[in-house]
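These protein sequence lines are chains A, B and C, in that order.
Residue 189 in the UniProt record's numbering sits at position 189 of the first sequence; the count goes up by one each step and never skips.
Residue 200 in the UniProt record's numbering sits at position 200 of the second sequence; the count goes up by one each step and never skips.
Residue 209 in the UniProt record's numbering sits at position 209 of the third sequence; the count goes up by one each step and never skips.
Take a look at the structure below.
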Amino acid sequence: MKQRPIRWSVYAGLTPAILIVVFAYIGTIVWTVGISFTDSRMLPVARFAGFNQYIRLFGTERWLTSIQNMVIFGVLMIGISLVLGFLLAVALDQRIRAEGFLRTVILYPYAISFIVTGLVWQWILNPTLGIEQTVRGWGFESFRFDWIIQKETAIYCVVLAGVWHAAGLVMAIMLAGLRGIDPDLWKASRIDGIKPWRFYWHIVVPILRPSFISATVLLSLGVVKLYDLVLVLTGGGPGFSSDVPAKFVMDYLFQRQNIGLATAAATTLLITVLCVLTPWLYAEYFRAEKRKD
Amino acid sequence: MTAPETRIRSVPMGEGPSGPAPKSLSTARIGIYAFLFISALFFLLPLYVMVVTSIKPMEEIRLGGIFALPTTVTFEPWVKAWSSACTGLDCRGISPGFWNSVKILVPSVICSIFVGALTGYALSFWRVRGANLLFAALLLGAFLPYQVFIYPLVRIYSATGLFSTIYALVLTHVIFGLPVMTLLFRNYYAGIPVDLFKAARVDGGRFFSIFFRLMLPMSIPMLVVALILQVTGIWNDFIMGLTFGGLANRPMTVQLTNLVAPTEGEIAYNVNMAATIMTAAVPLIVYFISGRWFVRGIAAGAVKG
Amino acid sequence: MSSVSIRNLQISFGALNVLETLDLEVQEGEFIVLLGPSGCGKSTLLNAIAGLLDITEGQIWIDGRNVTWAEPHERGIGMVFQSYALYPRLTVEGNLSFGLKMSGMPKAEIARRVLEAARILQLEHLLQRQPAQLSGGQRQRVAIGRALVRNAKVLLFDEPLSNLDAKLRTELRVEIKRLHKSLGSTMIFVTHDQVEALTLADRVAVMHKGVIQQLATSKEIYQRPINRFVAGFVGSPQMNFLPGTLVRRENATCFRLRDGSEVNLTGYVFSRPFADGQAATLGIRPEQALLRPSEHQHPDRLEAVFTIEEPMGPDTLLWGTLAGESFSVRISSDQTPVIGAKTDLYVNMAQASLFDEAGDRL
Chain A
1 MKQRPIRWSV
11 YAGLTPAILI
21 VVFAYIGTIV
31 WTVGISFTDS
41 RMLPVARFAG
51 FNQYIRLFGT
61 ERWLTSIQNM
71 VIFGVLMIGI
81 SLVLGFLLAV
91 ALDQRIRAEG
101 FLRTVILYPY
111 AISFIVTGLV
121 WQWILNPTLG
131 IEQTVRGWGF
141 ESFRFDWIIQ
151 KETAIYCVVL
161 AGVWHAAGLV
171 MAIMLAGLRG
181 IDPDLWKASR
191 IDGIKPWRFY
201 WHIVVPILRP
211 SFISATVLLS
221 LGVVKLYDLV
231 LVLTGGGPGF
241 SSDVPAKFVM
251 DYLFQRQNIG
261 LATAAATTLL
271 ITVLCVLTPW
281 LYAEYFRAEK
291 RKD
Chain B
1 MTAPETRIRS
11 VPMGEGPSGP
21 APKSLSTARI
31 GIYAFLFISA
41 LFFLLPLYVM
51 VVTSIKPMEE
61 IRLGGIFALP
71 TTVTFEPWVK
81 AWSSACTGLD
91 CRGISPGFWN
101 SVKILVPSVI
111 CSIFVGALTG
121 YALSFWRVRG
131 ANLLFAALLL
141 GAFLPYQVFI
151 YPLVRIYSAT
161 GLFSTIYALV
171 LTHVIFGLPV
181 MTLLFRNYYA
191 GIPVDLFKAA
201 RVDGGRFFSI
211 FFRLMLPMSI
221 PMLVVALILQ
231 VTGIWNDFIM
241 GLTFGGLANR
251 PMTVQLTNLV
261 APTEGEIAYN
271 VNMAATIMTA
281 AVPLIVYFIS
291 GRWFVRGIAA
301 GAVKG
Chain C
1 MSSVSIRNLQ
11 ISFGALNVLE
21 TLDLEVQEGE
31 FIVLLGPSGC
41 GKSTLLNAIA
51 GLLDITEGQI
61 WIDGRNVTWA
71 EPHERGIGMV
81 FQSYALYPRL
91 TVEGNLSFGL
101 KMSGMPKAEI
111 ARRVLEAARI
121 LQLEHLLQRQ
131 PAQLSGGQRQ
141 RVAIGRALVR
151 NAKVLLFDEP
161 LSNLDAKLRT
171 ELRVEIKRLH
181 KSLGSTMIFV
191 THDQVEALTL
201 ADRVAVMHKG
211 VIQQLATSKE
221 IYQRPINRFV
231 AGFVGSPQMN
241 FLPGTLVRRE
251 NATCFRLRDG
261 SEVNLTGYVF
271 SRPFADGQAA
281 TLGIRPEQAL
291 LRPSEHQHPD
301 RLEAVFTIEE
311 PMGPDTLLWG
321 TLAGESFSVR
331 ISSDQTPVIG
341 AKTDLYVNMA
351 QASLFDEAGD
361 RL
């Protein structure tokens, strides 16, 4: 085919994107992965160290705890948000009074930053300031609600704040899905005499499968990136009992000055995400291609 | 009966019910309302706590906790939070952070949307070699954890003298906003008839003239969605501001965490909460004003390949 | 005993009256078609019969029972929707059996009914397919099957053929008619397609602005439309309307056209008295105007000029003007029309229609 001069302007238009992909994405990833195979500490050095950093990383209790916390947070936050968000959407879809107001109230946390979310919940859950203090003030002197300062339970406070932040998002996605369902289908089910909850369970949930998937993907992105919320809510503590991988990497990069270990951790995170993501992206991309034909 | 005289009623009304079925508030409906009411309380609780505490004097907080309604309303904490609360030795309140955020926000939003729209346009209408590869790379970029990019970026910015400047932050927001912005506009342009584009080509339109004269004016709805998405996203950013902004360009979120960090003496919860509300105000206002557009942004950002 | 009886039914959404006080008696085994343009209230009426929307006033009786307050599934009806409304991600068999399963019917009975419905609709080989794997026609057959398994005495169809292409529509139309013959159940069918209405119905109810304008057999609707709306809505090309005045002569009644020419109305049967000089509209269907007079009628001449000829296969349409009004004529394709010059037309007035100024039949 003849190359027309007009093509050059196309590439000119794509230049920012190409530069960003080549340098900011691929370049930095290669760099990060590269450092993880050296024994760099404060500054990067070019001394190849094989998998030493990775061996050290998986021997570090704090890293293992943070991985475990990410799994706990991911499973619980996504699970609870999906269920709560779906139930809220279903409830809102029942020709409710003040639907607009309720929708606004349920979704507004999603507009708020993790920093603000974390701070508020930290105050509410703080035993000497928030719920525990208030309930004791009502005369229940022995009331205890100090999850946030207990090692075993601090991560569940992060889950709570995470659900508060994200359930509205799920609700919005699900409500859009519900509103997209053919109204004749509801009518058909009423003619068939199917009980509403059965209809929801057997018919609506399968129809909303794509909505559940995109909500899950969206929420899992937040799980991997989880950093600000933990930082202000628990500071990763008590100790490092509620630490998460993203915070681990940041701490070792900038406070602990151990970039070898930090990049090894980042690379591990990257590989995990890729393993989960690639099949999904592939399927999604493939489906999109088929649709075009 | 009020029927017209000309009509003959063939069958008279029979026994039994007629007219609308009586409405009764079933237990299921009561349950739904109860569920929604309790949920609404859960979602409103933090906002309530922040607002109520921020207008109470400290003595009341000490006595009544953070949930009680104020008996005396004072706006002093708000004034203090804005202009005189101390972070270490710096006692200018949270206002410098606010202005920093504005300075970061405006160029970042404009640049990231522009580059995203341009890339989305190029990818959806112009068949160039490697376009799919580029798009796949961008898509992947949307999902990867920031931690992979951060250290090399710090080094690059240091080497080029950009570190701790507004430019570094703007560039960073363009870099990490590009995937979602591209996706948004690519999907939007995919819905525009190709014939329109072909007609523009036949009429002698070139790459940039078609973009500026035809596509950009047509994408106003998507520009609004992108604007909402980027304003809230960039305002709420913490990690980029913390890492690349340096001391001089700390955005409001970073400043807030410093402001509320425990110091010696009594913690001024009312001031802290006032500062927190102020930090949340911009995205909240965007949210309340934009309404359904915000939801549209979520749907568009929900990465539908 | 009538199968479905609508008494004094009124439906309004807020201030908007969608159905004005409406009465309808459907006999057992009858095929009724509700025909009308969109927004005429035909679907609203059908949904009210099904119990899918709240009525404002009146009663609905089905099979001798007052079902005004009954839930849809208690009414003994089956319903087929325009969008098919098949349950996605269930097989054809699952779709047919889902409602029965949920009502706790014994498995053997469900299987029997599903097989029976599948046999009637020739769906046996598709039972394990998903709706997404079916063609439009097959999907609609499944939707009909879902109504059949309920063994309902009354079947409701809400524009079931509108989403199909022309060929499939004709096929399925014949199939529905056959189904009606073999099942003998009462059927109420909503459509905006007059061909469907005229071919399927025992009686057609033409609806407009929430009111049944005329309820009669297809023939009656076509030949003796009760008002100008019905006359204009049914028939394609549309009936020709010629405005003018009624004139009494010594031995006949004449109709004076706008251009002053007169035509003899002998043969027309008036249904009510009229005044000399009364303004009226003469309605003539395209095929009622002939190029040559037939033998056993009292023909009168009208003069038209045709400008366009459209061969349609079996017949030909001519378009032109008559007394300043646009006018169309359908002739058999072996006739040779004159284009561009005055042509004589002969009309059997016994077939024509006359409407007064309010649009009602004279």
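Backbone N, C-alpha and C fix where the C-beta goes; we use that ideal spot for every residue, glycine too.
Everything numeric in this text was worked out from a predicted model, so none of it was measured.
Beta bridge counterpart(s) of C:Y346 as assigned by DSSP:
C:L290 and C:R301
Which same chain residues, not among the five before or five after B:E5, have their C-beta less than 7 Å away from its C-beta?
For B:E5, the pLDDT reaches just 38, beneath the cut-off of 50, and the residue's location in the model is therefore unreliable, although a value from the coordinates is still provided. Answer for B:E5: no residue qualifies.
With distances taken from CA atoms, which of C:G210, C:R361 and C:S353 is nearest C:P37?
C:G210
If you draw a straight line from the C-alpha of B:S124 to the C-alpha of A:A176, how long is it?
26 Å
Grouping DSSP H, G and I as helix and E and B as strand, with all else coil, what is C:V18?
strand
Roughly how many angstroms separate the alpha carbons of C:V263 and C:F274, rounded to a whole number?
17 Å
A:W138 burial status per 10 Å Cβ neighbour count (16 or more: buried)
exposed
Do B:A261 and B:T87 come within 9 Å of each other at the CB atom, strictly closer than that value?
yes
For the pair the segment 179-198 of chain A and the segment 134-152 of chain A, tell me if three or more CB-CB distances fall below 8 Å.
no
Ordered list of alpha helix (DSSP H) runs contained in the segment 61-141 of chain A, each at least 4 residues
61-92, 99-111, 114-125 and 131-137
Using a Cβ-Cβ distance under 9 Å, would residue 298 of chain A count as near chain C?
Given a span of 1 to 293 for chain A in the structure shown, any question on residue 298 of chain A remains unanswerable.
Applying the criterion that 16 or more other CB atoms from any shown protein chain within 10 Å of the CB defines a buried residue, is A:G239 buried or exposed?
exposed
Contact list for C:Q27 against chain B, beta-carbon separation under 7 Å:
Here the premise fails: no neighbours, minimum Cβ distance about 12 Å.
For the segment 202-218 of chain A against the segment 171-187 of chain C, do three or more pairs of beta-carbon atoms, one drawn from each stretch, fall closer than 8 Å, so that the two count as touching?
no
Please confirm if B:G64 has its CB atom under 9 Å from at least one CB of chain A.
yes
In three-state DSSP terms, what is A:R190?
helix
For C:L115, the nearest candidate out of C:K101, C:S97 and C:Q130 (CA to CA)
C:S97
Can we count A:L261 as close to the ligand PLP, meaning its CB is less than 8 Å from some heavy atom?
Ligands displayed in this structure: none; no statement on the ligand PLP is therefore possible.
Measure the C-alpha to C-alpha separation of B:F197 and C:K342 and round it to an integer number of angstroms.
51 Å
Nearest-angstrom Cα distance between B:N258 and A:T104?
30 Å
Proximal residues, the segment 271-299 of chain B versus chain D, C-beta separation under 7 Å:
Here chain D cannot be found, since the structure's protein chains are A, B and C.
Using the rule of at least 16 other Cβ atoms within 10 Å of the residue's Cβ for burial, across every protein chain shown, is C:S3 buried or exposed?
buried
Taking the alpha carbon of B:M278 as the point to measure from, which residue in A:V116, A:L102 and A:Q257 has its own alpha carbon closest?
A:V116
Of the residues B:V286, B:T276 and B:G297, the one placed nearest A:W123, counting alpha carbons only
B:T276
On the criterion of 16 or more Cβ atoms from any shown chain inside 10 Å, does A:Y25 qualify as buried, or is it exposed?
buried
May I ask you to report which of helix, strand or coil DSSP gives C:M239?
coil
On a Cα-Cα basis, can you pick out the residue from B:F294, B:P57 and B:L45 that is closest to B:V224?
B:F294
Is C:Q82 close to chain A? Criterion is C-beta to C-beta, closer than 9 Å.
yes
For B:F163, which residues from the same chain have a beta carbon less than 8 Å from its beta carbon, with the 5 sequence-adjacent residues on both sides left out?
V154, Y157, F244 and G246
When B:P17, B:L118, B:A168 and B:S39 are compared against B:F212, the one with the closest alpha-carbon:
B:L118
Are the Cβ atoms of A:M250 and B:Q255 separated by less than 9 Å?
no
Interface residues of chain A around B:G141 at Cβ under 9 Å?
I20, V21, A24 and Y25
DSSP state of B:S18 mapped onto helix, strand, coil
coil
Using only the alpha-carbon positions, how far apart do A:V170 and A:S81 sit?
7 Å
In the DSSP assignment, what residue or residues form a beta bridge with C:H73?
In DSSP, C:H73 forms no bridge with anything.
9 Å Cβ cutoff met for A:Y110 and A:A172:
yes
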